[in-house]
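Quick note: the sequence shown uses this note's numbering, first residue 101, plus one each step.
No residue lacks a Cβ here, since even glycine has one placed at the ideal position from N, Cα and C.
In this text the structure is predicted, and so the values were computed from the model without any measurement.
All remarks here apply to the structure that follows.
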Amino acid sequence: MKFHILTIFPEMFKGFLNESILKKAQGKGVIEIKLHDIRKYSKDKHKKVDDTPYGGGAGMVFTPQPLFDCIEHVKSKAKARGDIPVIYLTPGGKRLTQTQVERFAKKYDQLILLCGHYEGIDQRVIDSLVDVELSIGDYVLSGGEVPAMVVVDAVSRLVPGAIGKEESHQEESFSKKLGRKKEYPHYTKPAEFRGMEVPEVLLGGNHAEIERWRRKHLR
Ligand code: ADE
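Written as structure tokens, this is what we have:
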């Protein structure tokens, strides 16, 4: 899976991409992440990417030119097997769910993630080039960078080979196998800690009973 991240703050991604599962998955060549600095595509002599909104009001709006040029460039260079959807991260978008994450991981081999800022982007970019408007929750962040990281993380975990054991995401919260419910509680050693005991059934080796207990404790 190849992720193209279109942003005016590419530096924000450095730490995030260079740790843990994402670092390993990139090392193994299972995922690839390409950062594209939108500002570099601006034809303005000061590399401006925003302007005041027509009709007045507070805030600034991303101008269409740098976004059109950047998206067209990325699409023309990408050697994808099929379509590459353009996903615009915005609080007004459709709420991201695990089902949608699974769909992205299964259906595509490349994704374009467009990080917005200010009041938003010129509507003509959305009308012509955006396939999905996506929100990570009903609150407003200062930009689409953190939401883009959320999408990269959630989708990457489902790409075959990204996570060591295949089972580790089959039985996790919101998975189909668990009926889209939240996972059962987990316990590890010691069996008793500060007077709190691990449920008896989990200490024995009766797998059918353990399974029954786990199903019963899905939330
Ligand atoms: N940009 C700003 N806030 C956002 C949110 N909640 N989801 C997606 N993109 C955003």
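Span separating the alpha-carbon of residue i from that of residue j
i, j, result
"Asp-222", "Val-251", "23 Å"
"Arg-314", "Tyr-284", "6 Å"
"Gly-156", "Thr-190", "21 Å"
"Gly-305", "Glu-311", "11 Å"
"Leu-211", "Ala-308", "41 Å"
"Ala-262", "Ala-180", "20 Å"
"Lys-282", "Gly-127", "31 Å"
"Tyr-208", "Ser-176", "17 Å"
"Val-246", "Gly-192", "15 Å"
"Glu-111", "Gly-220", "21 Å"
Residue i beta carbon near ligand 1 (any heavy atom closer than 7 Å)
i, result
"Gly-237", "yes"
"Pro-260", "no"
"Gly-63", "Past the edges of the chain, shown from 101 to 319, lies residue 63, and the structure says nothing about it."
"Leu-213", "no"
"Pro-185", "no"
"Val-240", "yes"
Distance between beta carbons of residue j and residue i, contact taken as under 8 Å
i, j, result
"Arg-150", "Thr-163", "One point to set straight first is that residue 150 is Asp, not Arg, in the sequence displayed. Indeed they touch by this definition, with Cβ atoms about 6 Å apart."
"Ala-254", "Val-201", "4 Å"
"Cys-215", "Ala-248", "5 Å"
"Ile-171", "Asp-137", "No, Ile-171 and Asp-137 are not in contact; Cβ-Cβ is about 13 Å, not under 8 Å."
"Phe-356", "Leu-135", "Only positions 101 to 319 of the chain appear in this structure, which leaves residue 356 out of reach."
"Lys-147", "Arg-139", "5 Å"
Test item: CB-CB of residue i and residue j under 8 Å
i, j, result
"Met-160", "Tyr-239", "no"
"Pro-166", "Tyr-188", "no"
"Glu-233", "Lys-194", "yes"
"Leu-196", "Ser-235", "yes"
(Q) I'd like to know if the stretch 128–140 and the stretch 103–110 are in contact, where contact means that at least 3 CB-CB pairs between them fall below 8 Å. (A) yes
Q) Three or more C-beta pairs closer than 8 Å, one from the stretch 228–248 and one from the stretch 291–306: is that the case here? A) no
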